[in-house]
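Going by UniProt numbering, the residue at position 49 of the sequence shown is 49; the numbering climbs one at a time, nothing skipped.
Note that the Cβ used here is the ideal one computed from N, Cα and C, for glycine as well.
Structure record follows, encoded as structure tokens.
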Amino acid sequence: MRSASTWHKPVIANSAIAGAGAGLVSSIVTCPLDVIKTKLQAQSTVHGSQGYLGIRGTITSILKNQGIRGLYRGLGPTILGYLPTWAIYFAVYDETKNWLGDSEYGGSPGEEGHLRKRQVWATHLVAAMTAGASGTIATSPLWVIKTRFMTQPQDEMQYRHTWDAFQTIYRSEGWRAFYRGLLPSLLGVTHVAVQFPLYEQLKHWFADRRGIATVQLSSGTIFLCSALSKMTASVATYPHEVIRTRLQIQRNPHSGVLADTRTYRGFVQTTIRILRREGWRGLYKGLSINLVRTIPNNAVTLVTYELLMRQLTNR
Numbered sequence: 001m002r003s004a005s006t007w008h009k010p011v012i013a014n015s016a017i018a019g020a021g022a023g024l025v026s027s028i029v030t031c032p033l034d035v036i037k038t039k040l041q042a043q044s045t046v047h048g049s050q051g052y053l054g055i056r057g058t059i060t061s062i063l064k065n066q067g068i069r070g071l072y073r074g075l076g077p078t079i080l081g082y083l084p085t086w087a088i089y090f091a092v093y094d095e096t097k098n099w100l101g102d103s104e105y106g107g108s109p110g111e112e113g114h115l116r117k118r119q120v121w122a123t124h125l126v127a128a129m130t131a132g133a134s135g136t137i138a139t140s141p142l143w144v145i146k147t148r149f150m151t152q153p154q155d156e157m158q159y160r161h162t163w164d165a166f167q168t169i170y171r172s173e174g175w176r177a178f179y180r181g182l183l184p185s186l187l188g189v190t191h192v193a194v195q196f197p198l199y200e201q202l203k204h205w206f207a208d209r210r211g212i213a214t215v216q217l218s219s220g221t222i223f224l225c226s227a228l229s230k231m232t233a234s235v236a237t238y239p240h241e242v243i244r245t246r247l248q249i250q251r252n253p254h255s256g257v258l259a260d261t262r263t264y265r266g267f268v269q270t271t272i273r274i275l276r277r278e279g280w281r282g283l284y285k286g287l288s289i290n291l292v293r294t295i296p297n298n299a300v301t302l303v304t305y306e307l308l309m310r311q312l313t314n315r
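Rendered as structure tokens:
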């Protein structure tokens with residue numbers, strides 16, 4: 001009988017490789033939607049005033065002022081962000097599931113796994129939150145850089161490329177700037193805590209109805225399970241994304257980029273300020289484009305991941 005260590009190493013490696021590949025494909029396919037969503041989230045408008053005029057107005061404004069390249073601004077840091085994010089996420093997620101007794105792509109359950117094998121929802125919940133927190137902390141600097149890239153005005157270009165952005169932010173604001181918005185990002189772990197347990201349950205439901213294993217589900221079924229779980233999680237946990245974006249795009253006063261004083265000074269203060277100035281709608285700014293972006297993005301990610309895992313596992 002194979003030992004746990006014999007199983008685990010290739011499973012973790014396969015999960016990381018498949019996750020990175022899925023992140024690469026999805027980031028390229030949906031980058032324009034990510035740019036539009038980020039701009040809608042980042043704008044701060046008072047009751048009754050207007051910023052971008054919705055999705056169509058945002059697209060028109062970007063194309064008019066920046067051209068087609070404007071829709072791919074931040075693609076470099078986006079790819080650099082998605083690759084390690086999904087590689088770390090799926091490696092930790094699959095290994096945690098394996099340890100808790102729900103091994104889908106090989107692996108040998110840990111000692112605790114047999115005791116928890118029937119607690120499927122709890123297993124997926126713990127695995128999703130552990131993986132989400134690990135990926136968020138490890139890749140926070142990359143997402144700060146990506147957000148800065150996407151939201152900088154065309155006539156005030158502060159960063160020429162990813163490395164330049166890293167150096168500029170570090171010199172003018174210090175290392176703490178790379179973890180600005182980390183708290184709402186960690187609270188965003190509630191998103192995957194909703195999404196992935198639901199995704200796994202939907203896969204099991206479809207597989208049971210058809211009398212097959214989950215690894216035999218078609219790409220179309222995986223796409224559907226992903227879309228339904230992502231839409232549910234996005235609507236339920238969206239406000240943290242707006243708060244995180246507002247905190248991430250804000251520079252320190254001495255950097256001389258935005259205002260002389262910081263508008264947002266923490267998670268709670270940012271939430272209160274948005275509610276007072278923009279109403280509850282401010283916490284859902286960009287939701288429509290977020291759904292248009294994240295649902296296909298996540299579906300492409302998970303379909304690519306599942307297909308790659310099947311290929312890597314069956315080698």
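Contact test: residue i Cβ vs the ligand ATP heavy atom, cutoff 7 Å
| i | result |
| --- | --- |
| I62 | The model on display carries no ligand, and the ligand ATP is accordingly not part of it. |
Distance between residue j and residue i (C-alpha atoms, nearest Å)
| i | j | result |
| --- | --- | --- |
| N297 | I272 | 31 Å |
| G101 | G174 | 43 Å |
| I212 | A236 | 31 Å |
| G76 | R209 | 42 Å |
| S288 | N14 | 34 Å |
| Q216 | I222 | 10 Å |
| V303 | V25 | 11 Å |
| A20 | Q201 | 24 Å |
| K230 | L63 | 29 Å |
| A193 | A131 | 10 Å |
| L228 | L198 | 9 Å |
| residue 375 | V189 | Only positions 1 to 315 of the chain appear in the structure, and residue 375 is not among them; the question remains open. |
| A18 | S219 | 15 Å |
| G282 | Y72 | 25 Å |
| T301 | Q158 | 31 Å |
| I36 | L291 | 12 Å |
| A87 | L33 | 22 Å |
| G256 | L182 | Residue placement at G256 is poorly supported in this model, since its pLDDT is 48, which falls under 50; the coordinates are not used for a value here. |
| G67 | F149 | 16 Å |
| T6 | E95 | Confidence is the limiting factor: at T6 the pLDDT is only 42, short of 50, which leaves the residue's position unreliable, though a coordinate-based value still follows. For T6 and E95, the distance between alpha carbons rounds to 13 Å. |
| Q195 | S172 | 37 Å |
Residue i: first and last residue of the uninterrupted alpha helix (DSSP H) it sits in
| i | result |
| --- | --- |
| Q248 | 239 to 249 |
| K146 | 120 to 151 |
| N314 | Unbroken run through N314: none, as it is neither H nor E. |
| Q158 | Here Q158 belongs to no alpha helix (DSSP H), and DSSP marks it neither H nor E. |
| W175 | Segment: none, W175 is in no alpha helix (DSSP H) and carries neither H nor E. |
| R277 | 267 to 278 |
| R56 | 54 to 66 |
Of the residues the options, the one placed nearest residue i, counting alpha carbons only
| i | options | result |
| --- | --- | --- |
| A233 | D34, T78, L125, I17 | L125 |
| W99 | A207, A122, L71 | A122 |
| G54 | G67, K39, I68 | K39 |
| R180 | W143, R160, A165 | W143 |
| I274 | I79, P239, L308, Y89 | P239 |
| F206 | C225, W163, Q195, Y82 | C225 |
| G70 | L80, G81, T58, I79 | T58 |
DSSP state of residue i mapped onto helix, strand, coil
| i | result |
| --- | --- |
| N298 | helix |
| K285 | coil |
| M309 | helix |
| residue 317 | In the structure displayed, the chain extends from 1 to 315; residue 317 sits before or after that span and is not available. |
| Y93 | helix |
| Y264 | coil |
| R180 | coil |
| G76 | helix |
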